[in-house]
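There are 2 protein chains.
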Amino acid sequence: MIQMVILGAGNLAQHLYTVFRATEGLEVVQVYNRSQKALSYFNATNTTTSLKELLEADIYIIAVADDAIAAIANKLPFTDRLVVHTSGSASMHMLHKKNRRGVFYPLQTFTKGVKVDFTKIPLCLETGEKADFKILKSIADAIGSNSYKISSEQRRALHVSAVFVNNFSNHMYRIAHEISEANNVPFEILHPLIQETANKIHTLTPYMAQTGPAKRGDQKTIDDHLEKLDKDIHKEIYTLLTQSIAKTYGR
Amino acid sequence: MIQMVILGAGNLAQHLYTVFRATEGLEVVQVYNRSQKALSYFNATNTTTSLKELLEADIYIIAVADDAIAAIANKLPFTDRLVVHTSGSASMHMLHKKNRRGVFYPLQTFTKGVKVDFTKIPLCLETGEKADFKILKSIADAIGSNSYKISSEQRRALHVSAVFVNNFSNHMYRIAHEISEANNVPFEILHPLIQETANKIHTLTPYMAQTGPAKRGDQKTIDDHLEKLDKDIHKEIYTLLTQSIAKTYGR
Numbered sequence: 001m002i003q004m005v006i007l008g009a010g011n012l013a014q015h016l017y018t019v020f021r022a023t024e025g026l027e028v029v030q031v032y033n034r035s036q037k038a039l040s041y042f043n044a045t046n047t048t049t050s051l052k053e054l055l056e057a058d059i060y061i062i063a064v065a066d067d068a069i070a071a072i073a074n075k076l077p078f079t080d081r082l083v084v085h086t087s088g089s090a091s092m093h094m095l096h097k098k099n100r101r102g103v104f105y106p107l108q109t110f111t112k113g114v115k116v117d118f119t120k121i122p123l124c125l126e127t128g129e130k131a132d133f134k135i136l137k138s139i140a141d142a143i144g145s146n147s148y149k150i151s152s153e154q155r156r157a158l159h160v161s162a163v164f165v166n167n168f169s170n171h172m173y174r175i176a177h178e179i180s181e182a183n184n185v186p187f188e189i190l191h192p193l194i195q196e197t198a199n200k201i202h203t204l205t206p207y208m209a210q211t212g213p214a215k216r217g218d219q220k221t222i223d224d225h226l227e228k229l230d231k232d233i234h235k236e237i238y239t240l241l242t243q244s245i246a247k248t249y250g251r
Numbered sequence: 001m002i003q004m005v006i007l008g009a010g011n012l013a014q015h016l017y018t019v020f021r022a023t024e025g026l027e028v029v030q031v032y033n034r035s036q037k038a039l040s041y042f043n044a045t046n047t048t049t050s051l052k053e054l055l056e057a058d059i060y061i062i063a064v065a066d067d068a069i070a071a072i073a074n075k076l077p078f079t080d081r082l083v084v085h086t087s088g089s090a091s092m093h094m095l096h097k098k099n100r101r102g103v104f105y106p107l108q109t110f111t112k113g114v115k116v117d118f119t120k121i122p123l124c125l126e127t128g129e130k131a132d133f134k135i136l137k138s139i140a141d142a143i144g145s146n147s148y149k150i151s152s153e154q155r156r157a158l159h160v161s162a163v164f165v166n167n168f169s170n171h172m173y174r175i176a177h178e179i180s181e182a183n184n185v186p187f188e189i190l191h192p193l194i195q196e197t198a199n200k201i202h203t204l205t206p207y208m209a210q211t212g213p214a215k216r217g218d219q220k221t222i223d224d225h226l227e228k229l230d231k232d233i234h235k236e237i238y239t240l241l242t243q244s245i246a247k248t249y250g251r
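Keeping their order, the protein sequence lines are chains B and Y. Oh and the first sequence: position 212 is 212 in the working numbering, straight run, nothing missing. Oh and the second sequence: position 83 is 83 in the working numbering, straight run, nothing missing.
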């Protein structure tokens, strides 16, 4: 049985709490949060608002905003225990070295209230000590996640990459939504194309999957599209991404 | 029984041929192509390389490159028959007015050799005459596609939108692939995030689904990401899309 304490009460803390509690071999012995209010979600478990009252456990999982990680880690009233954070961008070394350190980063976008299937979430794991890696790996295996050994520097690269595939792709959808709305076309017509574009990565690299006027060097269509776009920022984005695609294919 | 002639022998012509032949109530009576060579795919049907030999049919479907549509439509040796093209960007009026005109545009990305499920492909339909719309709608219904009445101007907007959700999203995947490879991280770690990002459009508008440092106005993370990016073009894209997202959320 791996005994765990979760520090934090936000979105990710709640998702982790839910999956850990539902998993054999894992036990959440306590949830800490600075304020009592947010702790109501966790009332099937011991909760505390005082770091001094933290119970003993095999692992302390800090699931708070990046800029609060160091402060909590510094204030922990014990040493030589396994303390991990869950951030995509913070270095493992943000955790105070008085404890054994690690990172347990689930690479996915979490929506409040939407149930999460951890078997579809890759976990990026990192530890200072080899033996601790086994503990993180056991937790990942127990909840059915694929896990990867990822250094802080690699995790930083993944976090930027995630911005491209998630934040920026979603912004492409947003722009398409704006354009279709402005032309009284239902956005749902584009849903199957969005799905198919995402599905293709399972069988083709993005390099191979690329199509369209930018790749073909079809200037007539490019000009027609630029003329059709009303907003300057959309024109700018269209132009820059078209350049970048053209460059990728040696045009 | 709707009798059809397909003009063209490329990727889309082949996919249409396959689904029409498999559908009750539809009959492909002939396939035309300028050169004999490409016609081998269609040899279960009458084929011709001469427009003068075209058989009589209820509908002539031109599935060729955009810049070849007008030339074929002009040379058709008959009048007052229903002639449609299948292009996302060409106006219906590119077809010669000696015939009844229309557009039958499947909004999807077609990969050569990969079987296509037309029940998941929206069809954008347009006709000059109301009665002809019914014929296009019957064909769409017969192959199980959702169809929409879309004007040439709306179709042009959809075609630009499709570039954003397909070509540009795929390019976001490509950039993420480059970054992860440069850092020895397997790109597959990002697959679930790509899927989830695409899946979210079914439950949330892209506006509601947006997350990330640009939306939050988290300048520290933005600076960290820009520092991590090696290529100038990636920095440029990151900066422009971050600006555009910030603007969308009134920052």
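Backbone N, C-alpha and C fix where the C-beta goes; we use that ideal spot for every residue, glycine too.
Along the stretch 134 to 160 of chain Y, the beta strand (DSSP E) occurs as fully enclosed runs of 3 or more residues at 147 to 149, listed in sequence order. Around residue 148 of chain Y, the same chain offers 122, 123, 124, 125 as residues with beta carbons nearer than 8 Å, after the five sequence neighbours per side are excluded. Under the three-pair Cβ rule at 8 Å, the stretch 39 to 47 of chain Y counts as touching the stretch 6 to 22 of chain Y. With fewer than 16 other beta carbons inside 10 angstroms of its own, residue 50 of chain B counts as exposed.
Taking CB atoms only, residue 249 of chain B has no neighbour in chain Y less than 7 Å away.
Residues of chain Y whose Cβ lies closer than 7 Å to the Cβ of residue 170 of chain B are, in chain order, 197, 206, 209, 210.
DSSP lists Y:60, Y:101 as the bridge partner or partners of residue 83 of chain Y. Under the three-state reduction of DSSP, residue 18 of chain B is assigned to helix. Residue burial is scored here from C-beta neighbours: residue 192 of chain B has at least 16 other C-beta atoms within 10 angstroms and is therefore classed as buried. With contacts defined as CB atoms closer than 7 Å, residue 242 of chain B and residue 222 of chain B qualify as a contacting pair.
Residue 66 of chain B and residue 145 of chain Y have their C-alpha atoms some 47 Å from each other. The Cβ atoms of residue 27 of chain Y and residue 1 of chain Y lie closer than 7 Å to each other. Among the CB atoms of chain B, one or more fall inside 7 Å of the CB of residue 245 of chain Y. Under the 10 Å beta carbon count, residue 14 of chain Y is surrounded by 16 or more other beta carbons and is classified as buried. Take the alpha-carbon of residue 249 of chain Y and the one of residue 180 of chain Y: they are about 29 Å apart. For residue 157 of chain Y, the chain B residues whose Cβ falls inside 8 Å of its Cβ are 179, 180, 182, 183, 185, 228, in order along the chain.
Out of Y:57, Y:64, Y:118, Y:20, the CA that lies nearest to the CA of residue 34 of chain Y is found in Y:64. The three-state reading of DSSP puts residue 238 of chain B in helix, counting H, G and I together. Residues of chain B whose Cβ lies closer than 7 Å to the Cβ of residue 89 of chain Y are, in chain order, 221, 224.
Annotated three-state conformation of residue 48 of chain Y is strand, per DSSP.
Contacts with chain B at 7 Å (Cβ-Cβ) do not include residue 118 of chain Y. Residue Y:178 holds the alpha-carbon nearest to the alpha-carbon of residue 231 of chain Y among Y:190, Y:220, Y:178.
If you ignore the 5 residues before and after residue 246 of chain B, its C-beta comes within less than 8 Å of the C-beta of 214, 215, 217, all in its own chain and listed in chain order.
For the set B:112, B:75, B:45, the Cα lying nearest the Cα of residue 95 of chain B is the one of B:75. Short of 8 Å from the beta carbon of residue 73 of chain B, and not among the five residues preceding or following it, lie these beta carbons of its own chain, in chain order: 62, 83, 85, 94, 95, 96, 99. For the 7 Å CB-CB criterion, residue 128 of chain Y and residue 105 of chain Y do not form a contact. For the pair residue 199 of chain Y and residue 109 of chain Y, the CB atoms are not nearer than the 7 Å cut-off.
Between residue 133 of chain Y and residue 194 of chain B, the alpha-carbon positions lie close to 27 Å from each other. Annotation for residue 140 of chain Y: 123, 125, 147 place their beta carbon closer than 7 Å to its own, counting only its chain and skipping 5 residues before and after.
Neighbours of residue 143 of chain Y across chain B, judged by C-beta separation under 7 Å, do not exist; the nearest C-beta is about 14 Å away. Neighbourhood of residue 127 of chain Y in chain B, by CB distance below 9 Å: empty, with the nearest CB roughly 17 Å away. Less than 7 Å divides the Cβ of residue 3 of chain Y from the Cβ of residue 58 of chain Y. DSSP places residue 179 of chain Y inside the alpha helix (DSSP H), whose first and last residues are 169 to 182.
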